[in-house]
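Going by full-length UniProt numbering, the letters in the sequence shown line up with residues 1 to 888, in that order.
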Amino acid sequence: MPKVFAAKVKNVLSGDTLVLSPVGGKSHQERILTLAHIQAPRLQSNEKYAFESRELLRKLLVGKPIRFWVMYEGRTGDREFGDVSSPVFSSLIQYVLEKGGARLRGNLGSGEAEEEDPEMEKLRDAEALAKKEKAGMWSSDVEPIEMVSRPTEAQIGRSAVRAIPAIVERVISGDRVIVRLLLGGSPRQQAVIPVLIAGIKCPRTGGKDGGPSEPYADGAKFFVEDRLLGTQVGVCVLGESASGVLIAKIVHPSGNISDRLLEEGYAEIADWQSEMIGSKGMAVLRKAERSAMGAGKRLWKASKEKRQLEKDSAGVGEAKLSAGGSFSATVVRVISADTLELESKAGKSIVCQLAYLRGPRQSDEKTSAFVDAAREFVRGRVIGKKVRCTVEFVRPATDQFEERPMVTIVHHGSKNLSEEIVSAGLAYVLRRRVDGSEFPEYWDRMVEQEAEAKKQHVGFYGEPPETRRVVDASESSAKAHRYLFTLEHHGRVAGVVERALSPTRFRVDVPAESVRLVLVLGGLEGHSADDRDRDSDLNKKAFALTARKTTQRDVSIEVYGVDRQGGFIGNLYLAGSSAPFQVSLLEDGFAKCHERSVAQTHHGDELLAAESAAKSARKGVWQNYDEAAEAEANLESLQQGVAALKIVKKYYDAKVSEVFADGRVAIQFLDSQRLKLKAFMQKFHAASSSWPALSANPRRGQIVASKFSQNGKYYRGKVLGRGSNPGEYQILQIDYGTIETLKLSDLKEIVGSEFSATTYKPQAHIVQLSLISFPPESQPEYRQEAQYYLEDKVLDQQVVACETFANPAAGVEMDVELYDTAAIAKDPDWSINKELVQKGWAIVKKHHLASFEKALQGERSALLKLENTARATHAGCWEYGDVEDDDN
């Protein structure tokens, strides 16, 4: 099966050719994919049905995420041929043939070639059906298209009232595009022409001669491509340039692209076009340009940065903030709807209040019911965010209040927090000026927004929110155990950290379950930082770091146990992080791993690696760490353990069903249970068609029926965890060892005890190759070659598996030596493990050896000799020298 890639369709060149770009838009690289085995009518030569064929794919795919695979390359290697799948279809090739958008190439449609290939038979059937139904290009009613050089003057005149439909074929630069005008008429007329986007001028992109682009030119081009390329727009022609190029307003449902380019600082106004556009239109454009200038975006960055530097040094650098000063800061705590705690770039804590605003107060009978809702409204928008603060005035200290800066806060570039709060009806606008100072420029807007909130009956002016009942799940250990199953079943659960109780304990609100609980970070020793003195500077630093990063933050928690005080033991994940918060504490030396419980976190390797890094850097609790002394103590303990350890090898006849990229292998024992697998799966496939979809998100370790992507059939699968995208899960097929990332819609509930994992044991066993590992991740090419070599050697082959140790690591059932049944007839001691080392596709483990691995001294010595030979002959991964990581 070819490797499947994810991409977004950037453009459609014809009915059989797509332009693909990476998902997420982080890269501007393009990839051209031609659909294999088919040929669509050529659009450039205006062949019959060429436009309709391209439109079929353009309307369906442009801007959409897809999955694709390359089936073969052209003879010169510069073209890739493959297929595409999406939720709408499993094969784009078959879809196009069925719609009559293309024909099979060469003799593929005759049925004379590759008769035995069922996939080709499907394609021939699809083409035959389209011919029979006279679909698409096979229809005799296809209306011809007449290509013209440009629209007539009459058509240009009418476009001012009714925009000409058009398709953006190409983006030359931020202000210049190639469009296909759909002029209509009989016969249908079209014109492919360049158009200048009205009202703006963008930096020039590099020409065909390879000259460099002007600053921000490529950014402007990509900005327009991302929004307009391959889409249908309206074109209102306003005039033409001195060289005869039409100047037009591009009308798109999402808005005017000229405004957006100006707002983002990618363009400046083309003043000479003012007469064409008119004063009203130019006023809109100039407002957008002023916005970019004020924010110092891109073309205007240099002058803005200079002004901001001067303001920051005058504002934050002084002990007291003065009116008119501005500074950048991060919101670390929301005290109330109008009072926030900020942290400046210099690390200074600043408590400030929003100017001319009064949020709800517990002492105010009319607004007390809105205190929590208003604080949550503000928290959800700015907690942890970088904001820009302008000091409107400084409220002097009184007997009741301390001195406090009254500020305007702008977040996410241009959002005024005060205006947002007033619009939601969660604050009053104060109408009295302070000490004769002027209202900020947005004060009038806030007055209008307050009136609109009253009119719409929102916030204070509507019904008070319902009182939320929250249960303290950590009130006692017994009470915590009642909630443990539910929380554990849900896997990761969204929550908000109300406050940090210590560097490793948190008070967390879980809205979905209406509970508040204490979360204890798993995998760490009972006390963080300095065990001997909780009031030490180190412990204070640990607590400060924890509070700053977690207080009031949106998090995900994952629990798997309860302590004696009712605290839930588990993991805490900050928003956007896949690693638990324990990693941050360990990296800074603020915590130690708890050897016996670290594996329960399911992030044991990450936690141990973070602790190891802190040890090496002598951070925190490891400041006086003596590696030699620890090694001596560990060695003595290990020698005692190894002396008492006896290795009893067990041999199994097995078949290899999967080889993983990390060097692990899935095997099936060739025993009486394995003989039942075929009949079992036949019954399972038949029964699974009527089983219901999962009613809730599956938990880690749950056994489900999972849909195999390669054949659409369901197999028994174990949930390993969530995928990288929302709503996706990593699934291990427990009878074959295949691991896939599947959507929730591809998972079903298993009905019937006869199909359970207790009635019929899983047939796939995940094992690791004894004493060796693939080349490190830092050498991806060699690592992949090692996987390919092992696959060619053992995949779907019968082998002898020699178990040296059971359950050596999390998720691994046994440590094994694999033997080729043919090879051991000649040399009983020659294992596949040895062959991998000899060929240079495996590296002998040298560090962090487990007790049982140290007990295999003879086997390890033999492997090291083979490795030395492989190094000397530059075999495999040793081709250019040493590739080992320090951790191997």
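No residue lacks a Cβ here, since even glycine has one placed at the ideal position from N, Cα and C. Because the structure is a prediction, the values reported are computed rather than measured.
Per DSSP, which one or two residues make a beta bridge with Cys802? For Cys802, which the question treats as bridged, DSSP gives the partners Tyr651 and Glu817.
Run through DSSP, which three-state label would His412 get? coil
Look at Gly737 and Ala666 and say whether their C-beta atoms are less than 8 Å apart. yes
Helix, strand or coil for Pro75, going by three-state DSSP, please let me know. Per the sequence shown, residue 75 should be read as Arg rather than Pro. Here Arg75 sits in coil by DSSP.
For Lys8, three-class secondary structure by DSSP: strand
Rounding to the nearest angstrom, what Cα-Cα distance links Gly858 and Lys678 in this structure? 41 Å
Could you check whether Gln94 and Ala126 sit closer than 8 Å to each other, using their CB atoms as the reference points? yes
Alpha carbon to alpha carbon, how far is Asp472 from His603? A straight-line Cα-Cα distance of about 28 Å links Asp472 and His603.
Would Cys802 pass as a contact of Glu817 if the rule is Cβ separation under 8 Å? yes
Distance check for Phe89 and Leu18, CA to CA, integer angstroms please. 16 Å
Output yes if chain C places a C-beta closer than 8 Å to the C-beta of Thr398; else output no. This model lacks chain C altogether, as it is built from one protein chain only.
Using DSSP's beta-bridge definition, name the partner residues of Val96. Val96 is not bridged by DSSP to any residue.
Boundaries of the beta strand (DSSP E) in which Thr390 is found, first to last residue: Lys386 to Arg395
What separation, rounded to the nearest whole angstrom, lies between the Cα atoms of Arg67 and Asn711? 16 Å
Selection from Leu196, Gly24, Val284 and Val9 that minimises the alpha carbon distance to Thr231: It is Val9 whose Cα lies nearest to the Cα of Thr231.
For Met276 and Leu246, which I take to be in contact (beta-carbon distance under 8 Å), what is that distance rounded to the nearest angstrom? Going by Cβ atoms, the distance from Met276 to Leu246 rounds to 11 Å, so no, they are not a contact pair.
Taking the alpha-carbon positions, what's the Phe852 to Arg468 distance? 55 Å
Nearest-angstrom Cβ-Cβ length linking Gly15 and Leu60, presumed shorter than 8 Å: Between Leu60 and Gly15 the Cβ distance is about 11 Å, and since that is not below 8 Å, they are no contact.
Proximity to Trp691 [Cα-Cα], best of Val621, Val447, Phe755 and Pro808: Phe755
Proximity below 8 Å, CB of Gln798 to CB of Asp653: A Cβ-Cβ contact shorter than 8 Å links Gln798 with Asp653.
Strand pairing of Gln190, partner residues [DSSP]: Met147 and Leu182
Label Pro828 either buried or exposed according to how many other C-beta atoms from any shown protein chain fall within 10 Å of its C-beta, with 16 as the threshold for buried. exposed
With a cut-off of 8 Å on the beta carbons, I'd call Ala547 and Ala500 a contact; round off their distance for me. 5 Å
If contacts are defined as beta-carbon pairs under 8 Å, then Thr550 and Phe581 qualify, I think. What distance do you get, rounded to the angstrom? Sure, about 7 Å apart at Cβ, within 8 Å.
Taking the alpha helix (DSSP H) that Asn868 falls in, what are its first and last residues? Gln857 to Ala872
Simplified DSSP state of Cys877, which is helix, strand or coil: helix
Opposing strand residues paired with Arg31 [DSSP bridges]: Per the DSSP secondary-structure output, Arg31 pairs in a beta bridge with Leu20.
I'd like the span of the beta strand (DSSP E) that includes Glu169, first residue to last. Ile164 to Ser173
Alpha carbon to alpha carbon, how far is Lys713 from His685? 7 Å
Which one of Ala424, Val177, Val883 and Val192 has the shortest CA to CA distance from Ser258? Val177
Buried/exposed call for Pro465, threshold 16 Cβ in 10 Å: exposed
Would you give the residue range spanned by the alpha helix (DSSP H) that Arg124 belongs to? Element bounds for Arg124: Pro118 to Lys132.
Identify which residue in Ser861, Pro165 and Ile172 has its Cα closest to the Cα of Ala191. Pro165
Pro726 to Ala6, Cα distance in whole Å? 15 Å
Output needed for Gln702: all residues of its chain with C-beta closer than 8 Å, excluding positions within five of it in sequence on either side, in chain order. Lys718 and Val719
Tell me which residue opens and which closes the beta strand (DSSP E) that His252 is part of. Leu246 to His252
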